[in-house]
Amino acid sequence: MDAEQRRNLIRYVRKRLEALDYCNATFENTISGEKQELMDSVNAGNINPDDPDLSKALFKYNYLILPTFRNGMLVSACSLIEDVLLRVGTESISDFKSEVQSLRSRNSTIRKYLQVIHDHLGIDFSQIADWLNLIDDLNKVRNAIVHAWGKIENCSNPPTLRQIIARYGWLQESGDGYIVVGDETYADAITPFLRLIEHILDALPQPDN
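In numbering that gives the first Met the number 0, the protein residues as written are 0 to 208.
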């Protein structure tokens, strides 16, 4: 990867992260503001706290709109890390995709990308093992959302998913067995992703130009 490719990759990652951050903050703040307006109306006596329409509105925000959006943001964050690793691999390693496809392990796409990057570029990931474990967990949650609509019992390994949920306070299991993604999940996902990309870029040989 020459100097221009490195600069382009950094700009690309920054732009994608800024877009995700902006989308996440804008949506969360908007919904929070609308919910607060409802509660202000209740406190001002303009809305009866027992009004069924109030319960319906809060249910829509808390159990329909917000979980759907947060699921989408987690899927987007996991997809971004795959995309960035693919860019790093294809711009640094000849036949990168073929190398990945030749791996016979059942590891995730992210882990396969990292294995090929490690084998060909000699990058040591042991220093950020905890971050990679978190990324693995988030990727499993992403797969459950994408392939099973977040229904734990419809996934290939429900016990593993429940262990992941138990590890993080921002993940929960709903009463009807679905994964509930909390408002902190996206922020906690972005931090290890950034750390991983910075680690790779810092470890790549510095170009002369």
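Glycine included, C-beta positions come from ideal geometry on N, C-alpha and C. Owing to the predicted nature of the structure, the values given are computational and were not obtained by experimental measurement.
- For L193, the enclosing alpha helix (DSSP H) begins and ends at 184–202.
- Within the DSSP secondary-structure output, K150 pairs in a beta bridge with Y177.
- Assigned with DSSP and collapsed to three states, L102 falls in coil, not helix or strand.
- The C-beta of R103 has fewer than 16 other C-beta atoms within 10 Å across all chains shown, which makes the residue exposed.
- With a beta-carbon spacing of about 7 Å, V87 and I116 fall inside the 8 Å limit used to define contacts.
- A check of alpha carbon separations from Y62 across A76, V180, N106 identifies V180 as the nearest.
- Between S75 and L19 a beta carbon distance of about 6 Å is seen, short of the 8 Å cut, so the two are scored as contacting.
- Distance from the Cα of F26 is smallest, within the candidate group G71, V140, E3, for G71.
- The beta carbons of L73 and T190 sit no closer together than 7 Å.
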